[in-house]
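With the numbering used here as the guide, the letters of the sequence shown map in order to residues 40 to 191.
Glycine included, every Cβ here is placed at the ideal spot set by N, Cα and C.
Working notes for the structure below.
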Amino acid sequence: MKLRRTLLALALPVLMSAPALADAYTVTVFQCVNKNNKQVRVTYVEGQYRYAFGKIDDIPDIEIVRSPQQLTQNLLKTQAADTDTGHAQIMELDFKNGTYVYTVHSDYLGTKRAGGVDVYNKGKSIASIDCLPNTIVDNLSEHIYDLPERPY
């Protein structure tokens with residue numbers, strides 16, 4: 040009986056902390072690095088999506104945190120693309136910040152991979168950051184279908 044109480048006393052705090060640990064778990068949604076060694080990173084933690092851009096292992100140049108309802112997404116698929124396989128899929132995730140929109144994109148162009156971020160101000164393209172293909176970590180497809188579609 041004493042052993043059972045002791046085990047319960049030891050196990051109960053661990054079991055009670057499991058939900059708290061699960062809530063704080065960070066999921067990498069997308070990340071990549073450009074030729075200037077700057078990283079584009081989208082993570083999901085505690086019900087929020089976080090966009091960050093800047094030097095690796097440094098304070099980001101910009102960081103935007105949004106709830107899923109504050110984001111928009113766009114998914115383009117075609118089987119008549121000018122690629123080596125004829126297939127293409129482009130997933131885009133939009134982070135709005137005032138008059139700026141940061142569109143993170145992951146591109147499957149036949150057997151080739153591409154990705155990066157396009158920056159718009161008042162609807163006008165002002166920057167495009169391409170990532171090195173071998174640095175892309177892409178889990179957008181696990182999140183994009185649950186987010187609001189971009190209005191046209």
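What is the rounded straight-line gap between the Cα of residue i and the Cα of residue j?
i: residue 94; j: residue 76; result: 6 Å
i: residue 153; j: residue 183; result: 17 Å
Go ahead and label residue i buried or exposed: buried means 16 or more other beta carbons lie within 10 angstroms of its beta carbon, across all protein chains shown.
i: residue 87; result: exposed
i: residue 112; result: buried
i: residue 115; result: exposed
Please report the Cβ distance between residue i and residue j, rounded to the nearest whole angstrom; I am assuming they are in contact, meaning their Cβ atoms lie under 8 Å.
i: residue 119; j: residue 147; result: 15 Å between Cβ atoms; not a contact.
i: residue 157; j: residue 142; result: 5 Å
i: residue 179; j: residue 110; result: With a Cβ gap of about 11 Å, residue 179 and residue 110 do not count as contacting.
i: residue 70; j: residue 84; result: That pair is no contact at about 14 Å.
i: residue 82; j: residue 66; result: 6 Å
i: residue 169; j: residue 155; result: 4 Å
i: residue 144; j: residue 129; result: 6 Å
i: residue 107; j: residue 186; result: 6 Å
What does a CB cutoff of less than 6 Å around residue i pick up in its chain, not counting 5 residues either side in sequence?
i: residue 159; result: 140
i: residue 104; result: 87 and 89
i: residue 123; result: 149 and 150
i: residue 96; result: none
i: residue 161; result: 138
Near residue i, which residues of its chain fall below 8 Å by C-beta distance, leaving aside the five closest residues on each side in sequence?
i: residue 189; result: 111, 112, 113, 131 and 133
Quick check for students: name the residue ranges of the beta strand (DSSP E) that lie wholly in the region 52-139, counting only runs of 3 or more. 66-72, 77-84, 87-94, 101-105, 111-117 and 127-136
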